[in-house]
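Take the position in the sequence shown, starting the count at 1, then add 300; the result is the number in the numbering used here. Heads up, the beta-carbon is just placed ideally off N, CA and C, and yes, glycines get one too. The structure under discussion appears below in the form of structure tokens.
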Amino acid sequence: MSTPHIEAEKGQIARTVLMPGDPLRAKYVAETYLENPVQFNSIRNMFGFTGTYKGHEVSVMGSGMGMPSIAIYSYELYHFYDVDTIIRIGTAGGLGAGVKLRDVVIAQGACTNSNFAHQYGMPGTIAPIGDFKLIQAAVAAAEKLGVSYRVGNLLSSDTFYGPMEQLESWTKMGVLATEMEAAALYLNAMAANKRALGIMTISDLPLTGESLPASDRQTSFTEMMEIALETAISS
301 MSTPHIEAEK GQIARTVLMP GDPLRAKYVA ETYLENPVQF NSIRNMFGFT GTYKGHEVSV
361 MGSGMGMPSI AIYSYELYHF YDVDTIIRIG TAGGLGAGVK LRDVVIAQGA CTNSNFAHQY
421 GMPGTIAPIG DFKLIQAAVA AAEKLGVSYR VGNLLSSDTF YGPMEQLESW TKMGVLATEM
481 EAAALYLNAM AANKRALGIM TISDLPLTGE SLPASDRQTS FTEMMEIALE TAISS
């Protein structure tokens, strides 16, 4: 069985999938951390691999940028490939006081300026949240590895370039970082009665202009990857 976006057959994808936005980061995770990785997807160069980590089967696959893209891939993984858990590993712009470059943010919730949830026809506003057991496992892994981490709210934004005063408003409400995918992933997981978590590395600080080079975003965020892998096999 394949879908319009994933060419894998049933059984080629593990029940837990790590999902970076960048397909080259998926390739890096597979080649660096997984034993005997086998590629299961190359459609649109959205690479996906399955291998083992410490004896546990784990898959990793790119999601692309933005909520529409991760929504397609996560929906197909949850509904057509029997995936139970998706852990997003990506980059984010730090907003909260004390959030520094390379810090890891574990996303307890994902605020959004998107209208993605409108499809569910609810009479109010839903709060997209991560799976609590995954959050617990990620915190335990971060502490075991000695990684600087924060747990809290993200902003999943439909806009990458926008007025700084809008980011300042989210910061005043305690939002730690901004990215572009987690809210759609969380909503897809909630609607499918599946599990999801976002673990992000701070790659830039939009309000101060500090940032890391693009090459670091692709290959050097190993602490985030290791936390996600430990979470994948322990929760």
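Coil, strand or helix - residue i by DSSP
i	result
serine 302	coil
leucine 476	coil
threonine 392	In the sequence under discussion, the amino acid at residue 392 is alanine, which differs from the threonine named in the question. Alanine 392: strand per DSSP, three-state reduction.
methionine 524	helix
phenylalanine 349	strand
leucine 454	strand
methionine 422	coil
tyrosine 449	strand
Supposed contact pair residue j and residue i - C-beta distance, whole angstroms, cut 8 Å
i	j	result
lysine 498	leucine 485	The identity of residue 498 in the sequence shown is glycine, whereas the question assumes lysine. 7 Å between Cβ atoms; contact.
threonine 412	alanine 483	4 Å
isoleucine 389	isoleucine 435	Not really, about 15 Å apart at Cβ, beyond 8 Å.
arginine 315	valine 360	Actually they are not in contact, since the Cβ atoms of arginine 315 and valine 360 sit about 13 Å apart, beyond 8 Å.
leucine 455	glutamate 523	Between glutamate 523 and leucine 455 the Cβ distance is about 22 Å, and since that is not below 8 Å, they are no contact.
lysine 354	isoleucine 533	6 Å
leucine 507	leucine 395	7 Å
histidine 305	tyrosine 378	Contact flag wrong, Cβ pair sits at about 13 Å.
Residue from the options with nearest C-alpha to residue i
i	options	result
phenylalanine 349	His356, Gly364, Met365, Ala330	Ala330
glutamate 376	Val475, Ser302, Ser535	Ser302
isoleucine 527	Met490, Pro506, Val439, Ala492	Val439
alanine 491	Glu307, Tyr420, Gly311	Tyr420
Start and end residues, alpha helix (DSSP H) containing residue i
i	result
glutamate 465	464-472
threonine 508	That residue, threonine 508, is in no alpha helix (DSSP H); it is neither H nor E in DSSP.
methionine 490	482-492
tyrosine 373	367-380
Residue i: first and last residue of the uninterrupted beta strand (DSSP E) it sits in
i	result
proline 337	335-341
histidine 356	356-361
valine 317	316-319
DSSP beta-bridge partners of residue i
i	result
isoleucine 499	Ile389, Ile406
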